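Quick notes on the structure that follows.
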Amino acid sequence: MSGRQFLFPLTALAVLLTIWYSERITAVPRPSGPVHVTYWEKWTGFEGDAMRDVVDTFNKSQNRVHVDLLTISGIQDKTLLAVAGGVPPDVAGLYGPNVAQYADDLAVIPLDDYCRKAGIQESQYIPAYWGIGYYNGHVYCLPSTPASTALHYNTALFAQAGLDPKHPPQTLEEMDADVAKITTRLPNGHIGVAGFMPAEPGWWNWGWGSLFGGRLWNGKDKITANSPENVRGFEWVQAFSKKYGATELQTFRSGFGNFSSPQNAFLSSKVAMELQGVWMYNYISKYAPEIKWVAAPFPHPANRPDLANQTFVDEDVLVIPRGAKHPDEAFEFIRFVQSQKGMEQLCLEQQKNSPLIAVSDNFWKRHANPFIRLFTDLSKSPNTTPPPKVGIWPEYRDEMVNAFDEIALMKQTPKEALDAVQARMQPKLDEYLERLRMRKAAMGGISSASARDALGGKQP
Amino acid sequence: MISAFTRRDGGKNALTHLVLIAMSLIFIFPLAWLVSTSLKPIGETMQQPPTWIPSHVQWHNYRDAFMYGSDQLGYIPFLLYGRNTLILCVLGVAGTVVSNALVAYSFARLRWPGRDLAFAITLATMMIPFPVIMVPIYGLFRNLGWIGTFRPLWVPAWFGSAFNIFLLRQFFRTLPFELSEAARIDGCSEWAIFRQVILPLSKPALSVVALFYFMQTWNDFLGPLIYLIDQRTFTLSLGLQFYQSQHGGTQWNLLMAASTIVIAPVLILFFFTQKQFIQGIAVTGLKG
Amino acid sequence: MKARQRETLTALLFASPWLIGFSVFLLYPLMASIYYSFCDYSVLRPAVWVGADNYRGLWNDTVFWRALTNTASYALMALPLGLILALSLALLLNAKVRGMSWYRTIFFIPSLVPAASLAVLWLWVFNGEHGVLNEILRSKFHVNGPDWLGNPQWTKPALALMAVWGSGNAVVIYLAGLQDVPVPLYEAADLDGAGWWARTRHVTLPMLSPVILFNLIMGIIGTLQVFTVPYIMFPGGTPARSTYFYTSYLFDNAFLYHKMGYACAMGWIMFLIILTLTMVSIKISNRHVYYGGS
């Protein structure tokens, strides 16, 4: 029995010790010396390593600020929760298309003052990339790495089909004809090689209307999902399902391996033409360096030569979340990334194009991607399509992607599907704008104070 | 406990084994695949059509998974995650046993006005979906300044939970009330009766509560996901997501090796305690 | 009188952890979530009252209805399947044969595998072209399996099948219930010359009915909240939103669209649905459930 007597106090003591220990672990360390800036980034692998190198360069370049880079998955939710919880990082690497939403929610602070003091201005950037971070008259973020898209095509498959590998299709009509020539069937009727399929890789399924000049909203208060141009774009998408069979394409697609593997549809020469971004080279050189390929501008409708050089532009961005403890030091780091030196180091290692207009010869010389100039030129084209800068974009995009599914699976006509998107999203946008107004009104009394806080970056 | 099927002949026995083995094959499938993938070179993990046997067995996947990220961070994250998970389990299990035993004792063996109504309400709370209260609870912990600490993940365990209160109450009610009466006549306080009479008799039921909580905490993903901020404070289930990459390039073999390491302790625990576990639930009885 | 008061006080002291826990971690959040469900709220700004707008919005929201019907049709497949399979497994695992702890552990394994790893496995098993399942169907049964993951009609049956693997918890509870069936009842049945099926039908099932009811209610609660595996396997509920479930939409509204008020309204509707279904199942089962005492 005497053992039992001690059991209870001993257990209690153990629990108390554990509590003490758990508090010690989670206590925020207060290191002396340089100011520690916490930076959350989503990248892993070589892209993450590239940023880590840039951070090291920055940390070594001075001794006042030390950036701690943390790899965070699910960075959007995590940043939202951390800002809401009052414990945000000092810098966060978000996605460009989310900036409007985060700005509307006051989750990120405007960088105008910082930019002015640091001499960072619009004229230094390729307009499409500056534009992504510029919202409602403020700069809310600056690019970390940008991207643009182009047609990637497999020249061997072109040659096999009797096409000239040096002449990629210029117009969508030529492209359709080429697709028909390249596409082969197996003896059992299944597709063996596809010339092109809109669903592969399927990362811009919301945007096919832009090939015909379609826009998803008017930039102010009107959704234009079912504009004639957009309907035209998705009719082009559905034509593939009509011609080659929705089920056949779907079955073919389910046989593709993981994107990031040698079984990738393009790398394994199953699909001859793909709309892909500047990063595709990285996957090709890693998994299938032997395939022969060329990048070229994506084709345009024959009767719309003005829509040539259509490209989707997007970027990952750096923001300072509201409530950051060291916004000034955070911006020092962002400023370093925006310098030609920092940016070229990052974009070279990640093998992307630079968002800056000034590019050194060294950058061109050392860049591994043989088509890097094409991607840079495309990003300067008048026909760039960035994701719409509207706060409801995440929801709108999901809706468009679903409409794409309905259309590609032949469950609805493009008109029906896009009308449904229009009917659902316009009221959502109206409500969103109305609620923004209401929030502003509700915060009217404290708005000037909080704006000052936001600009100064201090926690309200 | 005597089995319901005491008399059986060899033929039936063999048949039972046959069916059990067939079903086991189906159920062991995920684990077999997990282990098989964890030993493959990365190139084979996502191969189409899939293969079962690695072309060569890569044992070092386990070391790589264990050390994953350590050269960048300067510490072994896996060890830290394990330590954090253990801390949460210890604090949570202790809290859940103590608090639910106390509360269930009150519901089962003490009389107070409104008791039965309170118990009915307690049962009803089991129906509240977590998403309903997720947002306000987050707000609550934020106002307390607890985001980024372990507290949101273990403090609530010290305040009881409906399912466990229910289990323990059912059990406490099966113990003879004469025991308490006798102790009361001897002049024991309620606390003494609880400590010295009831608790020693309740080990099976208490272990069930502890085990349930342990397994739940070990695998909990959503809680750590929303409350923990610093990577040094992450738990194992949360740490697993570092093996995945959003831009493709996930190290599947390492992810599977890490998953295998993570589920092994719980699996072993279940293997050795399943009998007590099941009997523990049985003695609590789920009947009204 | 005095003793009575003292007993009440003691009892309340014993119950105090839960009384506090209930008020702080359940009652307060519940009340707050009712309030938020009538507000425009993004966690980052103070909530602004908007009346019944969120509920009205839900009523007119086609995706909300889609998510609700998806969840309902999934539950109609997964619930009965899981219930029957878990019960059969429990009966099987209750047999007195050697090596039972191995078998029981094996059946519990899938409930322990982390959802992220499990999701990857399922992508692999159910792949329409090269999936293990369709390979087996082709080679053993000469049937061409469907495109489980690409055809909107087959995604929910696929998910329901996956859920079967996770029935370990229900099996454990059934097993526990089986320990409770009094042996004399079986002996009596044996004397009457009842076979295995008759014994199961007339002794085991009636004695087990409260446990079945318990598992049914737990199943309803769990199935209607299906989230993790489809959310990882089918980002955005593809194809054509066939795997977009109630909790997926709730989660997206809260954390992707920053519409916490809308999400709270959804949560409340779900609570009412679960409450109603539980009441109904208790009502219906009253006639069929056998409680030891009564």
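Protein chains in written order, with our numbering: chain A, -12 to 447; chain B, 200 to 487; chain C, 14 to 307. Ideal placement from N, C-alpha and C gives every residue a C-beta, glycine not left out. The structure presented is a predicted model; accordingly, all values stated were derived computationally and were not measured.
Residue i at chain A interface by Cβ criterion, 9 Å
i             : result
residue 165/C : yes
residue 307/C : Low confidence applies here, because residue 307/C scores a pLDDT of 36, under 50, leaving its location unreliable and the question unanswered by this model.
residue 193/C : no
residue 142/C : yes
residue 168/C : no
residue 315/C : Because residue 315/C is not part of the residues shown, which for chain C are 14 to 307, the question remains open.
residue 81/C  : no
residue 353/B : yes
residue 359/B : no
residue 453/B : no
residue 105/C : no
Chain B residues whose Cβ lies nearer than 7 Å to that of residue i
i             : result
residue 13/A  : 347, 348, 349, 432
residue 136/A : Residues of chain B passing the Cβ test: none, with the nearest at roughly 15 Å.
residue 309/C : Nothing can be reported for residue 309/C: it is not among the residues displayed for chain C, which extend from 14 to 307.
Chain A residues whose Cβ lies nearer than 7 Å to that of residue i
i             : result
residue 269/C : 381
residue 75/C  : 411
Same chain, Cβ closer than 8 Å to residue i, five either side skipped, listed in chain order
i             : result
residue 355/A : 268, 272, 338
residue 283/A : 137, 138, 140, 155, 361
9 Å Cβ cutoff, residue i in contact with chain C
i             : result
residue 266/B : no
residue 67/A  : yes
residue 204/B : Confidence in residue 204/B is poor, its pLDDT being 44 and thus under 50, which makes the residue's placement unreliable; the coordinate value appears in the next sentence. Yes - at least one Cβ of chain C is within 9 Å of the one on residue 204/B.
Same chain, Cβ closer than 7 Å to residue i, neighbours up to 5 away in sequence not counted
i             : result
residue 464/A : Residue 464/A lies beyond the residue range present for chain A, which begins at -12 and ends at 447; the question has no answer from this structure.
residue 163/B : This structure leaves residue 163/B out entirely; chain B is present only between 200 and 487.
residue 88/A  : 378, 380, 381
residue 276/C : 263, 266, 267
residue 101/A : 318
residue 439/B : 454, 457, 458, 461
residue 287/B : 349, 352, 353, 416, 434
Amino acids of chain A, ordered along the chain, whose beta-carbon sits closer than 8 Å to that of residue i
i             : result
residue 382/B : The premise fails here: residue 382/B is roughly 17 Å from chain A at the closest Cβ pair, so nothing lies under 8 Å.
residue 217/B : Chain A residues near residue 217/B: none, gap ~35 Å exceeds 8 Å.
residue 441/B : 31, 58, 60
Neighbouring residues, chain C, relative to residue i (Cβ below 9 Å)
i             : result
residue 426/A : 53, 55, 58, 59, 61
residue 480/B : 185, 186, 188, 189, 190, 192
Amino acids of chain B, ordered along the chain, whose beta-carbon sits closer than 8 Å to that of residue i
i             : result
residue 126/C : 229, 230, 233, 458, 462
residue 6/A   : 290
residue 33/C  : 358
Cβ-based neighbour list, residue i, same chain, cut-off 6 Å, excluding 5 preceding and 5 following
i            : result
residue 22/A : 52, 313, 316
C-beta neighbour in chain B for residue i, strict 9 Å
i             : result
residue 155/C : no
residue 355/A : no
residue 158/C : no
residue 158/A : no
residue 179/A : no
residue 2/A   : yes
residue 261/A : no
residue 161/C : no
Residues that residue i contacts on chain B, provided the C-beta gap is smaller than 9 Å
i             : result
residue 214/C : The contacting residues do not exist; residue 214/C stays about 14 Å from chain B at best.
residue 197/A : Here the premise fails: no neighbours, minimum Cβ distance about 23 Å.
Partners in chain A for residue i, counting only beta-carbon separations shorter than 9 Å
i             : result
residue 151/C : Result: empty, since nearest Cβ-Cβ is about 13 Å, beyond 9 Å.
Listed by chain order, chain C residues near residue i by CB distance under 8 Å
i             : result
residue 430/A : 58, 59
Chain C residues whose Cβ lies nearer than 7 Å to that of residue i
i             : result
residue 242/A : 142, 143
Does the count of Cβ pairs from the stretch 172 to 181 of chain C and the stretch 114 to 128 of chain C closer than 8 Å reach three? yes
Touching by the beta-carbon criterion (3+ pairs, under 8 Å), the stretch 97 to 110 of chain C and the stretch 215 to 229 of chain B: yes
Segment contact, 8 Å Cβ cut-off, at least three pairs: the stretch 127 to 138 of chain A with the stretch 249 to 264 of chain A: yes
Complete beta strand (DSSP E) runs within the stretch 66 to 123 of chain A (minimum length 3 residues, chain order): 78 to 82
At which residue ranges does the stretch 251 to 307 of chain B contain complete alpha helix (DSSP H) runs of 4 or more residues, listed in the order of the chain? 259 to 266, 269 to 272
List in chain order: all unbroken alpha helix (DSSP H) runs of 4+ residues lying wholly within the stretch 94 to 149 of chain C. 113 to 121, 128 to 138
So does the stretch 292 to 302 of chain B actually touch the stretch 374 to 385 of chain B, counting three or more Cβ pairs closer than 8 Å? no
Quick one: any contact between the stretch 151 to 165 of chain C and the stretch 237 to 249 of chain A, if contact means 3 or more CB pairs under 8 Å? yes
Can you list, in chain order, the stretches of the alpha helix (DSSP H) that have 4 or more residues and sit fully within the stretch 65 to 95 of chain C? 66 to 72
Alpha helix (DSSP H) runs contained entirely in the stretch 199 to 285 of chain A, provided each spans 4 or more residues: 215 to 231, 233 to 241, 267 to 274
Kindly confirm or deny that the stretch 334 to 341 of chain B and the stretch 370 to 377 of chain B touch, where touching means at least three C-beta pairs closer than 8 Å. no
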